[in-house]
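A short worksheet on the structure shown next.
Number of protein chains: 2
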Amino acid sequence: MAEGNVVSTSAELAGMTTRQRRRLPITAVHTGEGKGKTTAAMGMAMRAWKSGMDIAVFQFVKSKKWHSGEEDVFGLFQQLHETEGIGGAVEWHKMGAGWSWTWKEGAEDDHAAKAQAGWQEVKQRLAAETHDFYLLDEFTYPVTWGWIDVDDVVETLANRPGRQHVVITGRNADEKLIEVADLVTRMEKIKHPFDQGRKGQKGIEW
Amino acid sequence: MAEGNVVSTSAELAGMTTRQRRRLPITAVHTGEGKGKTTAAMGMAMRAWKSGMDIAVFQFVKSKKWHSGEEDVFGLFQQLHETEGIGGAVEWHKMGAGWSWTWKEGAEDDHAAKAQAGWQEVKQRLAAETHDFYLLDEFTYPVTWGWIDVDDVVETLANRPGRQHVVITGRNADEKLIEVADLVTRMEKIKHPFDQGRKGQKGIEW
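Those protein sequences? They're chains C and B, same order as listed. With the working numbering, the residue at position 20 of the first sequence is 860, and numbering never jumps. With the working numbering, the residue at position 117 of the second sequence is 957, and numbering never jumps.
Shown next as C-alpha cells:
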C-alpha cells in the first residue's frame, strides 16, 4: 500500500491531518441488481463537475445507438465550461461507438478487444493524471467476462498517482474490486415497474 | 385504484397500449442505509429536466446552512431554461431555510410544523399539477417520526392527477410507501470510507 498515492490503511490515515484526509482520492463501486448504479454515478459526476473537476465518462457496454439524457447534460456542462468557465472540462467516450480516440475499421464486433482498448486508454490517462474524476460505467461486465484482467485493474487503481477519483458501476462487481474500493454501495431491487408490465419512459429511464 | 390517474394493477395495464404504458407517472422510493439515495434521485431529476420536464425539489431535513453542488447545478439548469429554452423549469425548496413560499418568523424550531407545511404545499401542487417531477428528499424521516401522516401521503400519491413523477428518498421507508411505489431501490452500504477514518470530500460528498 505504500506505492503510489492511494492511502487506505488505518495506520496511514492515523498519521494524516483532517485536511489531508479530505483530499484523498476515492474509489467507488456501485453494484447490485437494482436501479440507480449509473444514475447515482452521474449524480456524483455532476457534483464533482460543479466543484471544478475535469470529468471523463467511459461507457463500457452500451450499444452504438445508445444515447442518453445524461450524455446531453454533460455536453451542456462541457459547453458551460468552455464558454462561461463554469465547472470542469467533460469528455464522454462510448465503447459502442468505437471509442472517440482511435478505433480501426472492421473491428466493430470484437467486444473483448474494444473493452481492452478502453481499459488501456483509462490506464494511460490515470498514469498521466489526465482527469480528476473517471466514471467507468458498466465496467464490471468486461471484468467478469475476463476481457479485462481484474488484477491489472486492482494494481492500477491502488497505485494511481495524485488525486484522481474513480467510480465503477455494474452488477456482480468482482470481490477484488470491492476490496480495493473505499466506497461500495449495492443497489438492491425491491420493486420495479417493468415487473408489473410497465414500459420504460423517456426522461425517466433514458 | 380506479380513482385518479395512477394506474398500477396488472389488469389495468393489460388494457393499455405500449405507448400508454410509456406515459404512466412513476412513484419511486430510494431507501436503505447506503449512499446514493439522493444522488441517484438528483441524477433522475437531471435526466427528466433535460427531457423538458418541470422539476421541483423539496428538501425535508437538511439544515438552513446546508448547500450542495447539486443545488448550484439545478440553479444553472433553471438559468439555461430561462435564457436558452433548454430543459424544464426548476424550483428548489429547503425546509431548513423555512421553505421559499411562506414561513412565519419565530417558528424556526418547530420541525414538525415545518415538515407538515412542506407536505401540504406538495399536496396542493400535486392537485394543481404544478410540476412534472417532484423530488421529496429525505421525506421518509418526517413520515417515520409521525410529523406527516403516511396514509395521507399514500392516498395523495395514489390519486394524484395527470402524469406527475414523484421520487422519495430516505432511510427506513414506511411499508405503505413501498406498497404505493412502482420503483423501489434499497441502497445497501457495503463499505464506506468514513469507516476507515476518512473524511468527507468537497465535490464528492457535497
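Ideal Cβ placement from N, Cα and C applies to all residues, glycine included.
Cβ-based burial, residue i [other Cβ within 10 Å; buried from 16]
{"i": "Thr1025 (chain C)", "result": "buried"}
{"i": "Gln860 (chain C)", "result": "exposed"}
{"i": "Gly909 (chain C)", "result": "buried"}
{"i": "Ala957 (chain C)", "result": "buried"}
{"i": "Ala842 (chain B)", "result": "Legend: pLDDT at Ala842 (chain B) = 38, less than 50; position of this residue unreliable, no value from coordinates given."}
{"i": "Thr858 (chain B)", "result": "exposed"}
{"i": "Asp972 (chain C)", "result": "buried"}
Residue-chain proximity (residue i, chain C), Cβ-Cβ < 9 Å
{"i": "Ile1008 (chain B)", "result": "no"}
{"i": "Lys1036 (chain B)", "result": "According to the sequence as given, residue 1036 (chain B) is Gln; it is not Lys. At least one chain C Cβ lies under 9 Å of Gln1036 (chain B)."}
{"i": "Ile988 (chain B)", "result": "no"}
{"i": "Gly892 (chain B)", "result": "yes"}
{"i": "Phe979 (chain B)", "result": "no"}
{"i": "Glu1028 (chain B)", "result": "yes"}
{"i": "Gln899 (chain B)", "result": "no"}
{"i": "His1032 (chain B)", "result": "yes"}
{"i": "Ala929 (chain B)", "result": "no"}
{"i": "Gly874 (chain B)", "result": "yes"}
Rounded straight-line distance, which links the Cα of residue j to that of residue i
{"i": "Gly928 (chain C)", "j": "Asp991 (chain B)", "result": "45 Å"}
{"i": "Thr871 (chain B)", "j": "Met1027 (chain B)", "result": "6 Å"}
{"i": "Ala955 (chain C)", "j": "Gln1004 (chain C)", "result": "21 Å"}
{"i": "Val993 (chain C)", "j": "Val962 (chain B)", "result": "46 Å"}
{"i": "Trp987 (chain C)", "j": "Leu1017 (chain C)", "result": "15 Å"}
{"i": "Leu966 (chain B)", "j": "Tyr981 (chain B)", "result": "20 Å"}
{"i": "Asp950 (chain B)", "j": "Ala937 (chain B)", "result": "13 Å"}
{"i": "Phe914 (chain C)", "j": "Ala998 (chain B)", "result": "34 Å"}
{"i": "Gly855 (chain B)", "j": "Ile866 (chain B)", "result": "18 Å"}
{"i": "Glu924 (chain B)", "j": "Thr923 (chain C)", "result": "14 Å"}
{"i": "Glu852 (chain C)", "j": "Thr970 (chain C)", "result": "26 Å"}
Proximity to residue i [Cα-Cα], best of the options
{"i": "Glu978 (chain B)", "options": "B:Leu916, B:His933, B:Ala888, B:Arg863", "result": "B:His933"}
{"i": "Ala952 (chain C)", "options": "C:Val983, C:Glu931, C:Val962", "result": "C:Val983"}
{"i": "Met935 (chain B)", "options": "B:Gly925, B:Trp959, B:Gly915, B:Glu922", "result": "B:Trp959"}
{"i": "Ala868 (chain B)", "options": "B:Val1006, B:Glu924, B:Gln919, B:Asp989", "result": "B:Val1006"}
{"i": "Ser940 (chain C)", "options": "C:Gln919, C:Phe900, C:Gly925", "result": "C:Phe900"}
{"i": "Trp889 (chain B)", "options": "B:Gln919, B:Lys877, B:Pro1001", "result": "B:Gln919"}
{"i": "Met886 (chain C)", "options": "C:Gly1043, C:Ala998, C:Glu995, C:Glu931", "result": "C:Glu931"}
{"i": "Ala968 (chain C)", "options": "C:Gly1002, C:Glu995, C:Leu975, C:Asp950", "result": "C:Gly1002"}
{"i": "Gln1041 (chain B)", "options": "C:Thr878, C:Met884, C:Thr879, C:Gly876", "result": "C:Met884"}
{"i": "Leu976 (chain B)", "options": "B:Glu924, B:Glu852, B:Gly874, B:Ala880", "result": "B:Ala880"}
{"i": "Asp1000 (chain B)", "options": "B:Tyr974, B:Trp985, B:Leu1023, B:Asp989", "result": "Contrary to the premise, residue 1000 (chain B) reads as Arg rather than Asp in this sequence. Nearest of B:Tyr974, B:Trp985, B:Leu1023, B:Asp989 to Arg1000 (chain B), Cα basis: B:Tyr974."}
{"i": "Ala1021 (chain B)", "options": "C:Ile1030, C:Leu1023, C:Gln964, C:Ile926", "result": "C:Ile1030"}
{"i": "Trp1046 (chain B)", "options": "B:Gly876, B:Arg863, B:Glu852", "result": "B:Gly876"}
{"i": "Thr878 (chain C)", "options": "C:His921, C:Lys1039, C:Glu911, C:Asp989", "result": "C:Glu911"}
{"i": "Met882 (chain C)", "options": "C:Glu1019, C:Ile1008, C:His921", "result": "C:Ile1008"}
Residue i at chain B interface by Cβ criterion, 9 Å
{"i": "Met841 (chain C)", "result": "Unreliable positioning characterises Met841 (chain C) in this predicted model, as indicated by a pLDDT of 37, which lies under 50. A coordinate reading is not provided."}
{"i": "Asp912 (chain C)", "result": "yes"}
{"i": "Thr871 (chain C)", "result": "yes"}
{"i": "Val1024 (chain C)", "result": "yes"}
{"i": "Gly909 (chain C)", "result": "yes"}
{"i": "Gln1041 (chain C)", "result": "yes"}
{"i": "His921 (chain C)", "result": "no"}
{"i": "Arg1011 (chain C)", "result": "no"}
Within 8 Å, do at least three Cβ pairs link the segment 883 to 903 of chain C to the segment 888 to 897 of chain B?
no
Three Cβ pairs or more, each shorter than 8 Å: is that satisfied between the segment 1033 to 1043 of chain C and the segment 1003 to 1017 of chain C?
no
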